[in-house]
Amino acid sequence: MKSYRDIQGFFDYGHLFKRFIQEIPDGGIFIECGSWLGKSSAFLCDAIEESGKDLNLWIIDSWLGSSVERGSSHALVTRKDIYQIFLENMRGRKFNHIRGLSHEVCNSFQHGSCDVVFIDMEHTYESVKEDIKDWLPKVKKGGTLAGHDYGSKRWKDGVQKAVHETLGKENIEVVSCGANSCWVYKNDK
Ligand SMILES: C[S@@+](CC[C@H](N)C(=O)[O-])C[C@H]1O[C@@H](n2cnc3c(N)ncnc32)[C@H](O)[C@@H]1O
Numbered sequence: 563m564k565s566y567r568d569i570q571g572f573f574d575y576g577h578l579f580k581r582f583i584q585e586i587p588d589g590g591i592f593i594e595c596g597s598w599l600g601k602s603s604a605f606l607c608d609a610i611e612e613s614g615k616d617l618n619l620w621i622i623d624s625w626l627g628s629s630v631e632r633g634s635s636h637a638l639v640t641r642k643d644i645y646q647i648f649l650e651n652m653r654g655r656k657f658n659h660i661r662g663l664s665h666e667v668c669n670s671f672q673h674g675s676c677d678v679v680f681i682d683m684e685h686t687y688e689s690v691k692e693d694i695k696d697w698l699p700k701v702k703k704g705g706t707l708a709g710h711d712y713g714s715k716r717w718k719d720g721v722q723k724a725v726h727e728t729l730g731k732e733n734i735e736v737v738s739c740g741a742n743s744c745w746v747y748k749n750d751k
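Residue 751, in our numbering, is where the sequence shown stops; the numbers in between run on with no holes.
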């Protein structure tokens, strides 16, 4: 099985995934939106396996790259079928996945059914705002909605504006991951 370390990606939040796994009860649902070539997903699968917990992991991605990054960090999508690379990288692991646009795929999940939804997709203000609107209703009471690039040099302005406007700055926890950080929102409503 390929180690997550040998997969190219944008992953620096392993400690947060481990914390979420500890918090979720057996039988819980963990949704990861944005997998790219599977680096974060491979880590997550392995960490769930190591925890001994029986969790339902769903990995969601269009595997088309983010539209604003196809000319830069996601340029690989113009040359290669990254969905096939993802499948190859994940070979031997147990997971569910849905290929599609998050805005449509979210309809496959019932309201109030998910324990954790983690968002690492397109990082523009409009996209993050839409992602939060789509996924917040899917998170169960006491569950968690979280996302990457809150402290990213390139994306923080849009990500922070969207997160603060939709969830309230005072309601989120910021968890550092190297030079970057993630936002975490507990759904107490
Ligand atoms: C930053 S990458 C994810 C990085 C990954 N977590 C890792 O560890 O390397 C963002 C991913 O989100 C996907 N994506 C962007 N917008 C999307 C959308 N609206 N619906 C589904 N997937 C999307 C892209 O295809 C890309 O694979």
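For every residue, glycine included, the Cβ atom is placed at its ideal position computed from N, Cα and C.
Quick one: measure Cβ to Cβ for residue 609 and residue 572, integer angstroms, because I've assumed they're closer than 8 Å. Going by Cβ atoms, the distance from residue 609 to residue 572 rounds to 18 Å, so no, they are not a contact pair.
Is residue 627 closer than 8 Å to residue 682 when the C-beta atoms are compared?
Residue 627 is positioned such that its CB atom lies no closer than 8 Å to that of residue 682.
In this structure, does DSSP put residue 707 in helix, strand or coil? Residue state, collapsed to three classes: strand.
Exercise. Within its chain, find whatever has a CB closer than 8 Å to the CB of residue 616; leave out the 5 residues flanking it on each side and keep chain order.
Key: So the qualifying residues of the chain are 588, 589.
Suppose the cutoff is 7 Å on Cβ atoms and the five residues either side in sequence are ignored; what does the same chain contact list for residue 667 look like? Excluding sequence positions up to five before and after residue 667, its CB lies within less than 7 Å of the CB of 622, 660, all in the same chain and listed in chain order.
### Query
How many Å lie between residue 577 and residue 606 at the Cα?
Roughly 10 Å between the two C-alpha positions.
*With respect to the alpha helix (DSSP H) encompassing residue 650, which residues constitute its N-terminal and C-terminal limits?*
First-last of the alpha helix (DSSP H) with residue 650: 644 to 651.
request  = Look at the alpha carbon of residue 584 and the alpha carbon of residue 691, and state the distance between them as a whole number of angstroms.
outcome  = When rounded, the distance between both Cα atoms is 28 Å.
Query raised in the report: Between residue 613 and residue 656, what straight-line distance do the alpha-carbon atoms span, to the nearest angstrom?
Result: Going from the Cα of residue 613 to the Cα of residue 656 covers about 14 Å.
Quiz item: With a Cβ-Cβ cutoff of 8 Å, do residue 575 and residue 685 count as a contact?
Solution: Contact flag unset, no.
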